[in-house]
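The listed protein sequences correspond, in order, to chains A and B. So the mapping is simple: my numbering equals the position in the first sequence, first residue as 1, plus 6. So the mapping is simple: my numbering equals the position in the second sequence, first residue as 1, plus 6. Cβ coordinates follow ideal geometry from the N, Cα and C atoms, glycine included. One structure below.
2 protein chains.
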Amino acid sequence: MPRKTASNARSAPRPAAAARGVAPSSGETVELPGKGHQTRQAILDCALQMAGRIGLEGLSIGVLADRMDMSKSGVFAHFGSREELQISVIRRYHSLFEADVFYPALDQPRGLPRLHMLFDRWVQQVSREVETGCIYISGAVEFDDRPGPVRDALVLMVQTWHDALLRAVSQAVEVGHLQTNTPAQLLMFELHGLILALHHDSRLLRVHGCVELARHGYRRLIGQYATPTGMKLLQTLCGAGD
Amino acid sequence: MPRKTASNARSAPRPAAAARGVAPSSGETVELPGKGHQTRQAILDCALQMAGRIGLEGLSIGVLADRMDMSKSGVFAHFGSREELQISVIRRYHSLFEADVFYPALDQPRGLPRLHMLFDRWVQQVSREVETGCIYISGAVEFDDRPGPVRDALVLMVQTWHDALLRAVSQAVEVGHLQTNTPAQLLMFELHGLILALHHDSRLLRVHGCVELARHGYRRLIGQYATPTGMKLLQTLCGAGD
DNA sequence: TCAGAAATAGTACGACCGTTCGATTTTTGA
DNA sequence: TCAAAAATCGAACGGTCGTACTATTTCTGA
């Protein structure tokens, strides 16, 4: 394979319009790179949906091409390798996750209100059964024992999200909604556990009302660490009941 | 494919020694079905290890045959189909799980002592990083969207284990270690979440000390529902320090 | 011991996989 | 408008997969 290497190195980063145009002259909705970018996004959306059902490892360029009414090589050219496709799917999920879960919560004031919205939207994201499953969770299981760039990309995204959540917890302590001796890392661990159990029970066991279980767990958890100020807020945020 | 169907129906349930000899004349360690059973078990152990790393979907009969120094068809004949192999692996994991986690805890008295040992051994089982990963957890993610006999088998095993754990919680209430108003289902959900978070953080993020996080979470969780009697027991079981 | 049964090997098939490469169509910008 | 560039196609390759079928070896029990 003498010339294959050179050719491969060329085709991988080059294909289609890879650059992210961030500042087009006319407006943000007009894509800078032209039509290639559009189809690439469409392919990614389709791939994301597939990956949510059968996993990143189950992604097949051939099946993807069929669903897109394109040729295999046409789809392939946008990514240059299956690995790049998988990474791109992860990145796409990340940006959708940010848009649906993270950014909206920034409008809430720091402390429990923001933390509450982060968790609430996280729950919604994970419990949407009809739609795309959570790539973070399925990817974690698929790639925890598979070193390589895909795993690296996944770890980066998950870590970023966890860091953001941990920051929200710390802020809740700073503004006096949670007690100063709150073990932030443990709290994060437990919140994450609630989400994972929700994912498991809703998708595998099809348990009825597991969304409520996750929410109750959250209330109990936060209630244990909340200051009096935080408790009042918590009751307002969660509505009536226990 | 006229005669293929008949031949297929024959080869699937027949191959090797399928029957489970439960009462051999000489002793329990002497296998009834002969040599076929031995190699079948050896294949399953190898497959279990592979599945723990790359998942049940990643299992390949060819690779399995290589590792066993056998021919593909030789391995294949023991199961009749890939699906049967996957199901057999799940069953094997289940019986190992029972032996390592469930049965030892039955020696403990009902209530918190037994529940504690169940959770403790569950933690150990999941956090063994070098060894086989947890098939329940990886299988759940792989098959939650894939109907079929493999999924059915998996759900059955997981459900059985959850039921057993729920029984242990109920008993802890009955013997007065946990308060009578303990929400058993929620407690189960939270315990399960701790395990899932442990699995995630130890394997994907490689977080140091996440076993301790899971144990702390457990202590906090049980502590919240424990009666005074239960609290004393809990402190004894967990050792010193909060 | 020796025939019948069980276990294993060998080979082949068709399907799908990711990837390459040259040809062709479509889009783009001066 | 028209040539250059980008996007897409079509065909083919080597590889792996699960499975079927036949032949051979190994075990087992009367």
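Could you spell out where the alpha helix (DSSP H) holding glutamate 218 of chain A opens and where it closes? 216-231
Which whole runs of the alpha helix (DSSP H) in the segment 77-161 of chain B are 4 residues long or more, in chain order? 78-83, 88-103, 118-133 and 141-149
Closer than 7 Å by C-beta to leucine 121 of chain A: which residues in its own chain qualify, once you throw out the five before and the five after it? Chain order, please. Ala174, Val175 and Ala178
Cutting at 7 Å between CB atoms, please list the residues of its own chain near isoleucine 93 of chain A, excluding the five before and the five after it. Counting only Cβ-Cβ distances below 7 Å, and skipping sequence neighbours, we find Pro155, Val156 and Ala159.
Cβ atoms of leucine 227 of chain A and glutamate 196 of chain A: under 8 Å apart, would you say? yes
Below-8 Å beta-carbon distance, isoleucine 60 of chain B vs any chain A residue: yes
Is leucine 202 of chain B closer than 8 Å to tyrosine 5 of chain B when the C-beta atoms are compared? Because residue 5 of chain B is not part of the residues shown, which for chain B are 7 to 248, the question remains open.
Could you give the DSSP three-state label for leucine 65 of chain B: helix, strand or coil? coil
Start and end residues, alpha helix (DSSP H) containing leucine 197 of chain A: Counted as a single uninterrupted DSSP element, the alpha helix (DSSP H) harbouring leucine 197 of chain A occupies residues 190-206.
Excluding five sequence neighbours on each side, which residues of the same chain lie with their C-beta closer than 7 Å to the C-beta of leucine 50 of chain A? Ser94, Val95 and Arg98
Are the CB atoms of glutamine 165 of chain A and leucine 211 of chain B within a distance shorter than 8 Å? yes
Using only alpha-carbon positions, find the residue among B/Ser66, B/Arg209 and B/Leu62 that is nearest to leucine 152 of chain B. The question names leucine, but residue 152 of chain B is arginine in the sequence shown. Selected option, being the one with the closest Cα: B/Leu62.
Through-space distance from serine 79 of chain A to glycine 40 of chain A, alpha-carbon basis: 20 Å
If you draw a straight line from the C-alpha of tyrosine 142 of chain B to the C-alpha of alanine 105 of chain B, how long is it? Answer to the nearest angstrom: the Cα atoms are 15 Å apart.
Using 10 angstroms around the beta-carbon of serine 77 of chain A, count the other beta-carbons present and answer buried if the total reaches 16, otherwise exposed. exposed
State the Cα-Cα distance for the pair leucine 239 of chain A and leucine 118 of chain A, rounded to the nearest angstrom. 7 Å
Could you say which of A/Glu89, A/Cys52, A/Asp72 and A/Leu204 lies nearest to glutamine 191 of chain B if we only look at CA atoms? The residue with the shortest Cα to Cα distance from glutamine 191 of chain B is A/Leu204.
Pairwise C-alpha distance: alanine 57 of chain B and histidine 100 of chain B: 13 Å
Contacts around glutamine 55 of chain A, its chain only, beta-carbon distance under 7 Å, and the 5 residues preceding and following it disregarded: Thr138
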